[in-house]
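S.K.: Residues 1 to 863 (the UniProt record's numbering) make up the sequence shown, in order.
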Amino acid sequence: KAFRHTCSITASRGRGKSAALGLAVAGAIAFGYSNIYVTSPAPENLKILFEFILKGFNTLEYQDHMDYDIQYSSNDHKEKNVVQLTIHRPKQHRQVIQYIQPNESTRLSQCELLIIDEAAAIPLPLVKQLLTGANYLVFLSSTINGYEGTGRSLSLKLLEQLRKQSAILTTAAKTTTNNRTLSELELNEPIRYGIDDPVETWLNNVLCLDCCQDPSRFNKANRGACPSLESCSLYCISRDTLFSYNESSEIFLRRLMYLFVSSHYKNSPNDLQMLSDAPGHDIYCLVGPIIDANKLPEILCAIQVCYEGELSKDVVARQLIHGQRGSGDLIPWTIAQTYQDYTFGKMSGVRIVRLATHPDYQRMGYGTKALQLLEKYFQGNIVNIDEFNNSESPSSPTADQIEVIDDDDLPLLNETLHPRQGLPPLLQKLNERRLRHSIDYLGVSYGLSADLLKFWKKNQFLPIYLRQTASDLTGEYSCIMLKAIHAASEAPWLFSYYQDFRRRLLSLLGFQFRTFTPGMVLNLIQQAVYPETKEDFTASLIEQNFTDYDLRRLESYTRNLVDYHLILDLVPILAKLFYLNRLPIQLTVVQMALLSGIGFQYKTIEQLESELNLPQSQLLALFNKLVKKIIDLINSTQESEIGKTFVNSLDTANMQPLEKSLRQELNEVAATIRNRQTEELDRLMHDQKLLKYSVNGSEDAWKEELKNVSEPGVISIPRVLNKRKDVEAPSHFDIKLVVLYMATKNKLELPSPPTFSQMMEDLEIMSTDEKIFQLCQLAEQTKHDETSNGTTIEKTYGLINEFLARLETLKRLDSTLAAQNDTNNDQLENKLKDIIEQLQMCLTKLQTRSFSNTKAVLSDNKN
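This is the structure in structure tokens:
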């Protein structure tokens, strides 16, 4: 047993590869291998293999049902295919030979021997996964040509990679554990028919099955340098001439098929038939400058296209409503069903079926050059010289030139096949060929891979469809990409499709497309064909997506206070805002890969470490900087929003001279302040509360008197009366007599007085006055004693007389305030009127009291 070893068997069809593998498996059972797995594109491909396994068992004298059991597939309705053999001989351990699908590499953990039959028909990524498993032996076989029609990706890429790994192991004394050694075997002698069988030769020639080698390989020494891109020209191949069985046409056809077979495409006779007579298909080839017209030019790149579209809206709607779709027109039907847009089928498009570049000229820009010339042709920028020719075109014969032939005169059995004469040139210049009709878009449908996606994106194609289920045969997701023939500004429909595709793809990256690499994801969700502007990042958008606690967590992470796991739930929101152009920030490629990998694909840092080939510490540092850019943007947006609440509007700068000078403005402000101070001083001068603290005498009198004072002493200033009326300025005691009413209201049953806040504030001062205090005591005494003695009544006479005198003073003050005509005085005047009225009511109540001895006195003093 030699584990981690690969044995490759290649041969043409009919050489006995499957038979050799079947006998090898039977021998492995005899040598004690327990777990043997067999894989192939389909169980039908393994009939010969299992047939020779059973023949090997017969040679080993194994008996059915006694030594082994056969299990058949339950999915095949027409015929049963063997999918498992279980060997259970006496005194031996159990052994199993089991079929698995090519994409079930995870089931090989206990494998000892793996058989891969028809490996060239299995996608190369799946074959690589099968070979990168644990330590087990691999037998790999492939048909390099035959009517199955396979590409040469196995021999071109996989075997070349295994050869390099095997050479490294040989030179390194097999010290590595990640590579496999390789042994190559080739079967040349046929077992179904004799050597150089004429039927096999004829079949290979007719169906172009032996085009695995470059027909022009013997002329490589005479090729010279690669032609420049500017000197290359694109030609349309006449299919009538190409399949006319002419000697030169046959050579050119084999060169063309060699390009298709060697460019990782699966080829079958059906593809050859479609290439020859499909009415909606054309073939174009890119060749270098033709120096010798008698020699066939070397094909640098070949393109097969088909015309699609121009479908009626009603037909599309009727078919899709019933869950049906017509044959052909791959892109229109798919787009109409995906976007439910029945008008897309009305547009005319060209789908690129195959684009193959010669293996010796790949990655030199010839494929891009061919696409550019093809697009220029469909745009109508290559002028047809026949359009300016007045003579009739040979492609448009008149009615008298058309010969009508009855179908009975052309029986196929009586037709004589021979090389046709009078055919058009094999290669037609684009300026000599009339365009079929106007084209709206170029499209392509292919199995998604990183290299192909990069190529089509470089040529400004946009993805608008990605199938959510992988192909059972290839393991790849079908992708449709379009490019508008006209300018981007004239085709806004394509950008609207792409925006919807990107929005839906971002939500699906965490499901079926989680295995995509970061580079592939960025290529799918970014484009440079249509200009995109970042939308405004507003405070309302922040409130819709984040809470205050979320912002605190982001802020703490940027300060390295918490781990990144604390904000993982916010990364999908940040990623969606960024890739939908809602965050106007710039990120590096690695930061964008981190944002999409964590936010959309939910990958761990460990997974991204292996995919990006960067250490975790560096990835976490870049991720922290990414979050810091976003939190800085959020903070600046919130600060600007708060600033708008303080400043409603900003005046624009006006570079005009000021109407007033600075000194004039200062003088006006000073005058205003002086007037305000004067008014305030006047108001204070007339404040009744401050009058009792006023000093007698005018300013002139004080100045004059102070001049004559030579030493400390007492000076005398005459009293100044009011100039308006000869009334002595009332003292503060005059106003406060209202306390009399307040002290006796309960006893005298007076109505509730109005509120006088100024009077109430000075209540404590009034209570210190001796006379008011005596009057209050008298009123309090009369509340308890209805019949007071003569002494109390005598005191009451004196107080009432003094009270009446004070009342007259209040009346004079009222007259004085009325004459001044001031607003503040008017308020005080109203209050004084109320006080006088209440005092008069108080006297009336006192007069009606039952004091018999004092009625006459009160009556005399009433007025």
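Even for Gly, the Cβ is constructed at its ideal location relative to N, Cα and C.
Values in this document were obtained by computation on a predicted structure and should not be read as measured data.
What distance in whole Å lies between the Cβ atoms of Leu522 and residue 906, which are believed to be in contact at a cut-off of 8 Å?
M.R.: Residue 906 lies beyond the stretch modelled for the chain, which goes from 1 to 863, so this question has no answer here.
S.K.: Looking at the secondary structure, which residues open and close the alpha helix (DSSP H) in which Pro332 lies?
M.R.: Within the sequence shown, residue 332 is the residue found at index 332, counting from 1. It spans 330 to 339 - the alpha helix (DSSP H) in which Pro332 sits, taken as one unbroken run.
S.K.: Nearest to Ala278 by alpha carbon, out of Arg254, Val590, Arg255, Val305?
M.R.: Here the question's residue 278 lines up with position 278 in the sequence shown. The shortest C-alpha separation from Ala278 is found at Val305.
S.K.: Using a 10 Å radius around the Cβ and a threshold of 16 neighbouring Cβ atoms, would you call Leu577 buried or exposed?
M.R.: In the sequence shown, residue 577 corresponds to position 577, counting from 1. So Leu577 ends up on the buried side.
S.K.: If you reduce the DSSP assignment to three classes, tell me which class Arg436 lands in.
M.R.: Looking up residue 436 in the sequence shown gives position 436. Correct three-state label for Arg436: coil.
S.K.: Sorted by chain position, which residues of the same chain lie with C-beta nearer than 6 Å to Pro359's C-beta, five sequence neighbours on each side aside?
M.R.: For the purposes of this step, residue 359 is taken as the residue at position 359 of the sequence shown. Counting only Cβ-Cβ distances below 6 Å, and skipping sequence neighbours, we find Ser262.
S.K.: Determine the extent of the beta strand (DSSP E) in which Gly309 is found, giving its start and end residues.
M.R.: The residue labelled residue 309 in the question sits at position 309 within the sequence shown. Looking at the DSSP string, the run of the beta strand (DSSP E) that includes Gly309 is 299 to 309.
S.K.: So which of Arg163, Asp117, Lys164 has the shortest CA-CA distance to Ile144?
M.R.: Translated into positions along the sequence shown, residue 144 becomes position 144. Checking every option, the nearest Cα to that of Ile144 belongs to Asp117.
S.K.: Which first and last residues belong to the alpha helix (DSSP H) in which Val199 is found?
M.R.: For the purposes of this step, residue 199 is taken as the residue at position 199 of the sequence shown. Here the alpha helix (DSSP H) through Val199 covers 198 to 207.
S.K.: Let's test the definition: count the other Cβ atoms within 10 Å of the Cβ of Asn667 and tell me whether it reaches 16, buried, or not, exposed.
M.R.: Numbered from its first residue, the sequence shown carries residue 667 at position 667. Classification of Asn667: exposed, given that the 10 Å Cβ count is below 16.
S.K.: Return the first residue and the last residue of the beta strand (DSSP E) that Asp271 is part of.
M.R.: Translated into positions along the sequence shown, residue 271 becomes position 271. Taken as a continuous stretch (DSSP letters only), Asp271 belongs to no beta strand (DSSP E), being part of the alpha helix (DSSP H) at 269 to 277.
S.K.: By alpha-carbon positions, which one of Gln616, Asp536, Arg552, Val627 ends up nearest to Lys641?
M.R.: Walking along the sequence shown from the start, residue 641 turns up at place 641. Looking at the sequence provided, one finds Glu at residue 641 rather than Lys. Out of Gln616, Asp536, Arg552, Val627, Asp536 has the C-alpha closest to the C-alpha of Glu641.
S.K.: Helix, strand or coil for Thr755? Go by DSSP, reduced to three states.
M.R.: Residue numbering aside, residue 755 sits at position 755 when the sequence shown is read from its first letter. Any reading at Thr755 needs caution, since the residue's pLDDT is 38, under 50, leaving its predicted position unreliable; the model's value is listed next. If DSSP states are grouped into helix, strand and coil, Thr755 belongs with coil.
S.K.: Is the beta carbon of Tyr377 closer than 7 Å to that of Leu427?
M.R.: Locating residue 427 in the sequence shown gives position 427, where the first residue counts as 1. Locating residue 377 in the sequence shown gives position 377, where the first residue counts as 1. Not a contact, by the Cβ cut-off of 7 Å.
S.K.: So, under 8 Å CB-CB, Thr338 and Tyr465 are touching, yes? Tell me the CB distance rounded to an integer number of Å.
M.R.: Here residue 338 is taken as the residue at index 338 of the sequence shown, counted from 1. Here residue 465 is taken as the residue at index 465 of the sequence shown, counted from 1. Right, their Cβ atoms sit about 6 Å apart.
S.K.: Let me know the alpha helix (DSSP H) ranges lying completely inside the stretch 595 to 642, each 4 residues or longer, listed in chain order.
M.R.: Complete alpha helix (DSSP H) runs here, min 4: 605 to 612.
S.K.: Would you mind sorting Val199 into buried or exposed? The rule is 16 or more other CB atoms within 10 Å of its CB.
M.R.: On the sequence shown, position 199 is the one that residue 199 refers to. Result: exposed.
S.K.: Report the residue from Arg559, Leu583, Tyr602, Ile573 whose alpha carbon sits nearest the alpha carbon of Gly510.
M.R.: Residue mapping note: residue 510 aligns to position 510 of the sequence shown, counting from 1. Checking every option, the nearest Cα to that of Gly510 belongs to Tyr602.
S.K.: According to DSSP, is Gln129 part of a helix, a strand, or is it coil?
M.R.: Position 129 of the sequence shown, counted from the first residue, corresponds to residue 129. Gln129: helix per DSSP, three-state reduction.
S.K.: Is the number of C-beta pairs between the stretch 485 to 501 and the stretch 546 to 553 that are closer than 8 Å three or more?
M.R.: They do not touch, by the three-pair rule.
S.K.: Output the boundary residues of the alpha helix (DSSP H) element that contains Lys483.
M.R.: Start at 1 with the first residue of the sequence shown, and residue 483 comes out as number 483. Per DSSP, Lys483 belongs to no alpha helix (DSSP H); it is in the beta strand (DSSP E), 478 to 484.
S.K.: Return yes when the Cβ of Gly443 is within less than 7 Å of the Cβ of Ile331, no when it is not.
M.R.: By 1-based counting over the sequence shown, the position of residue 331 is 331. By 1-based counting over the sequence shown, the position of residue 443 is 443. Yes.
S.K.: Just how far apart, CA to CA, sit Asp451 and Lys457?
M.R.: Against the sequence shown, residue 451 aligns to sequence position 451. Against the sequence shown, residue 457 aligns to sequence position 457. Whole-angstrom Cα-Cα distance: 10 Å.
S.K.: Can you round the beta-carbon distance between Leu113 and Ala28 to whole angstroms, since I take them to be within the 8 Å contact cut?
M.R.: Within the sequence shown, the letter at position 113 stands for residue 113. Within the sequence shown, the letter at position 28 stands for residue 28. Indeed they touch by this definition, with Cβ atoms about 5 Å apart.
S.K.: Hey, which unbroken runs of the alpha helix (DSSP H) at 4 residues or more fall wholly within the stretch 72 to 144?
M.R.: Within the stretch 72 to 144, the complete alpha helix (DSSP H) runs of at least 4 residues are 124 to 131.
S.K.: Can the beta-carbon of Asn545 be found less than 7 Å from the beta-carbon of Ile573?
M.R.: Here the question's residue 545 lines up with position 545 in the sequence shown. Here the question's residue 573 lines up with position 573 in the sequence shown. Result yes, Cβ atoms of Asn545 and Ile573 sit closer than 7 Å.
S.K.: Once the 5 residues before and after Val383 are set aside, which same chain residues still bring their CB inside 8 Å of it?
M.R.: Taking the sequence shown and counting its residues from 1, one reaches residue 383 at position 383. Same-chain partners within the cutoff: Asn431.
S.K.: So is Val206 buried or exposed if we call it buried at 16+ other beta carbons inside 10 Å?
M.R.: Indexing the sequence shown from 1 puts residue 206 at position 206. The residue is exposed, with fewer than 16 neighbouring Cβ atoms inside 10 Å.
S.K.: Under a three-way DSSP split, which group does Val38 fall into?
M.R.: Numbered from 1 along the sequence shown, position 38 holds the residue referred to as residue 38. Reduced to three states, the DSSP call for Val38 is strand.
S.K.: Take the Cβ of Arg724 as the centre, count every other Cβ of all protein chains shown within 10 Å, and call the residue buried at 16 or more, exposed below.
M.R.: As a position in the sequence shown, residue 724 is number 724, starting the count at 1. For Arg724, the pLDDT reaches just 41, beneath the cut-off of 50, and the residue's location in the model is therefore unreliable, leaving the point undetermined.
S.K.: Is the distance from the Cβ of Lys313 to the Cβ of Thr343 below 7 Å?
M.R.: Against the sequence shown, residue 313 aligns to sequence position 313. Against the sequence shown, residue 343 aligns to sequence position 343. Yes, these two residues count as a Cβ contact at 7 Å.
S.K.: Rounding to the nearest angstrom, what Cα-Cα distance links Val316 and Glu606 in this structure?
M.R.: Position 316 of the sequence shown, counted from the first residue, corresponds to residue 316. Position 606 of the sequence shown, counted from the first residue, corresponds to residue 606. Distance between the alpha carbons of Val316 and Glu606 is about 48 Å.
S.K.: Secondary structure at Ser445, three-state DSSP: helix, strand or coil?
M.R.: The residue you call residue 445 lines up with position 445 of the sequence shown. Strand.
S.K.: For the beta strand (DSSP E) that Ile237 lies in, which residues bound it at each end?
M.R.: The residue given as residue 237 occupies position 237 in the sequence shown. Start and end: 233 to 237.
S.K.: Please return the same chain residues whose Cβ sits closer than 7 Å to the Cβ of Leu126, not counting the five positions on each side in sequence.
M.R.: On the sequence shown, position 126 is the one that residue 126 refers to. Same-chain partners within the cutoff: Pro102, Asn103, Gly475.
S.K.: Please report how far the alpha carbon of Gly14 lies from the alpha carbon of Ile191, in whole angstroms.
M.R.: Looking up residue 14 in the sequence shown gives position 14. Looking up residue 191 in the sequence shown gives position 191. Taking the straight line from one Cα to the other gives about 6 Å.
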